[in-house]
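Worksheet: one structure, shown below.
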Amino acid sequence: NAGVTQTPKFQVLKTGQSMTLQCAQDMNHEYMSWYRQDPGMGLRLIHYSVGAGITDQGEVPNGYNVSRSTTEDFPLRLLSAAPSQTSVYFCASTPGRVYETQYFGPGTRLLVL
Amino acid sequence: AQSVAQPEDQVNVAEGNPLTVKCTYSVSGNPYLFWYVQYPNRGLQFLLKYITGDNLVKGSYGFEAEFNKSQTSFHLKKPSALVSDSALYFCAVIPRGSGTYKYIFGTGTRLKVLA
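In structure tokens:
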């Protein structure tokens, strides 16, 4: 199994541009989530999904959209990038119960100029 | 507001000495508790978790953590530190019975093990 994969690894955007961060998992996990990691702030939950077709907002959802059309994929869309969205983004998946281990992808480093 | 605190930004310890990385939480009820580790330019990796039962939980790479309900703490420990343990450590909680998957992470503690 490849586990949780994320693309791209690094991206530079200009303010106002849009882009999609890709996340895929091949473990048939029900639950997937997106976090952003900023210095001194730990990981903050952006959006999560408990299954195909079901998504919900996390702590910092503004400026981001998600969809979950399949169990495997959970893309994160930046509609109009802002410098405040400069961060490292992690996708994670969990088998299905809230107390189970989260498996994290390698991350996407995003720089918005 | 529910929160997780890791009071030390960095912990320095000599190789071979015991280490402790502190975590306290403010969450309603008894939460599920987790420790994750992050090596440079990598995603987070699971170390251990407390679900129920024995308050002392043993995990990967010789790490253990003790759940203390009265002090609302879940400190990470290891009897003898290795240089390879140097990394960023995160404590995370999720309220039990919340019906959501809204994990709450601490801000992280950088562990530096000195040779």
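Those sequence lines, one after another, are chains V and X. Under the numbering used here, read the first sequence as residues 1 to 113, first letter to last. Under the numbering used here, read the second sequence as residues 1001 to 1115, first letter to last. By construction, the Cβ of each residue, glycine as well, lies at the ideal position given by its N, Cα and C atoms.
Residue interval of the beta strand (DSSP E) (run including residue i)
{"i": "HIS1075 of chain X", "result": "1073-1078"}
{"i": "PHE1063 of chain X", "result": "PHE1063 of chain X -> no beta strand (DSSP E), and no H or E assigned at all."}
{"i": "HIS47 of chain V", "result": "42-51"}
{"i": "ARG1110 of chain X", "result": "1109-1114"}
{"i": "THR86 of chain V", "result": "Note, THR86 of chain V: premise wrong, no beta strand (DSSP E); not H, not E."}
{"i": "MET27 of chain V", "result": "Counting along the chain, MET27 of chain V falls outside any beta strand (DSSP E), and DSSP gives it neither H nor E."}
{"i": "ALA1005 of chain X", "result": "1003-1005"}
{"i": "LEU111 of chain V", "result": "108-112"}
{"i": "VAL12 of chain V", "result": "10-13"}
{"i": "PHE74 of chain V", "result": "Element bounds for PHE74 of chain V: n/a, residue is neither H nor E."}
{"i": "GLN1010 of chain X", "result": "1010-1014"}
{"i": "THR70 of chain V", "result": "No beta strand (DSSP E) holds THR70 of chain V; DSSP gives it neither H nor E."}
Identity of the residue in the options nearest residue i by Cα
{"i": "LEU1048 of chain X", "options": "V:GLU72, V:ASN62, V:VAL88 and V:TYR99", "result": "V:TYR99"}
{"i": "ARG1110 of chain X", "options": "X:LYS1102, X:GLN1071 and X:CYS1091", "result": "X:CYS1091"}
{"i": "LEU43 of chain V", "options": "V:THR7, V:SER87 and V:ARG97", "result": "V:SER87"}
{"i": "PRO39 of chain V", "options": "X:LEU1088, X:ILE1094 and X:LYS1102", "result": "X:LEU1088"}
{"i": "LEU45 of chain V", "options": "V:THR108, V:GLU59 and V:THR55", "result": "V:GLU59"}
{"i": "GLY3 of chain V", "options": "X:GLY1043, X:TRP1035, X:GLN1010 and X:PRO1007", "result": "X:GLY1043"}
{"i": "ASN1041 of chain X", "options": "V:ARG97, V:TYR31 and V:PHE10", "result": "V:PHE10"}
{"i": "VAL1004 of chain X", "options": "X:LEU1114, X:ILE1094 and X:ALA1115", "result": "X:ILE1094"}
{"i": "VAL1021 of chain X", "options": "X:ASP1009, X:GLY1029 and X:GLY1053", "result": "X:ASP1009"}
{"i": "THR7 of chain V", "options": "V:GLN102, V:PRO75, V:THR101 and V:SER84", "result": "V:PRO75"}
{"i": "THR71 of chain V", "options": "V:VAL112, V:MET19, V:MET41 and V:GLY51", "result": "V:GLY51"}
{"i": "GLU1001 of chain X", "options": "X:CYS1023, X:PRO1007, X:PRO1018 and X:VAL1027", "result": "At residue 1001 of chain X the sequence reads Ala, which differs from the Glu that was named. That would be X:VAL1027, whose Cα lies nearest to the Cα of ALA1001 of chain X."}
{"i": "TRP34 of chain V", "options": "V:THR108, V:PHE90 and V:LEU113", "result": "V:PHE90"}
{"i": "GLY1053 of chain X", "options": "X:GLN1071, X:TYR1032 and X:SER1086", "result": "X:TYR1032"}
{"i": "THR55 of chain V", "options": "V:PRO61, V:VAL66 and V:LEU111", "result": "V:VAL66"}
{"i": "GLN102 of chain V", "options": "V:MET27, V:THR108 and V:TYR64", "result": "V:MET27"}
{"i": "LEU141 of chain V", "options": "V:LEU13, V:THR5 and V:MET41", "result": "Absent from the model: residue 141 of chain V. The displayed extent of chain V is 1 to 113, so no value can be given."}
{"i": "THR1100 of chain X", "options": "V:VAL112, V:SER49, V:CYS23 and V:THR5", "result": "V:SER49"}
{"i": "ARG97 of chain V", "options": "V:SER69, V:TYR31, V:MET19 and V:THR20", "result": "V:TYR31"}
{"i": "GLN1071 of chain X", "options": "X:LEU1114, X:VAL1083 and X:ASN1055", "result": "X:ASN1055"}
Chain X within 8 Å of residue i, Cβ atoms only
{"i": "TYR31 of chain V", "result": "yes"}
{"i": "THR101 of chain V", "result": "yes"}
{"i": "TYR89 of chain V", "result": "no"}
{"i": "GLY40 of chain V", "result": "yes"}
{"i": "LEU43 of chain V", "result": "yes"}
{"i": "PHE10 of chain V", "result": "no"}
{"i": "GLY107 of chain V", "result": "yes"}
{"i": "GLY58 of chain V", "result": "yes"}
{"i": "TYR48 of chain V", "result": "yes"}
{"i": "PHE104 of chain V", "result": "yes"}
{"i": "VAL98 of chain V", "result": "yes"}
Test: residue i CB closer than 8 Å to a CB of chain V
{"i": "TYR1039 of chain X", "result": "no"}
{"i": "LEU1056 of chain X", "result": "no"}
{"i": "GLY1059 of chain X", "result": "no"}
{"i": "TYR1025 of chain X", "result": "no"}
{"i": "TYR1089 of chain X", "result": "no"}
{"i": "LEU1046 of chain X", "result": "Residue identity differs from the one stated: residue 1046 of chain X is Phe in this sequence, not Leu. True, the Cβ-Cβ gap to chain V drops below 8 Å."}
{"i": "ARG1042 of chain X", "result": "yes"}
Whether residue i touches residue j by CB criterion (8 Å)
{"i": "HIS47 of chain V", "j": "PRO95 of chain V", "result": "no"}
{"i": "VAL1037 of chain X", "j": "GLN1045 of chain X", "result": "yes"}
{"i": "ALA1081 of chain X", "j": "LEU1019 of chain X", "result": "yes"}
{"i": "GLY1029 of chain X", "j": "GLY1097 of chain X", "result": "yes"}
{"i": "PHE1067 of chain X", "j": "TYR1025 of chain X", "result": "no"}
{"i": "THR15 of chain V", "j": "PRO106 of chain V", "result": "no"}
{"i": "SER69 of chain V", "j": "GLN25 of chain V", "result": "no"}
Any C-beta of chain B under 8 Å from that of residue i
{"i": "LEU1082 of chain X", "result": "Absence of chain B from the displayed structure is noted, the protein chains being V and X."}
heavy atom of the ligand SAM below 7 Å from residue i C-beta
{"i": "THR1100 of chain X", "result": "With respect to small molecules bound, the structure shown includes none, and the ligand SAM cannot be examined in it."}
Legend entry - Three CB pairs or more closer than 8 Å across the stretch 1010-1024 of chain X and the stretch 72-86 of chain V: Verdict: no, contact absent.
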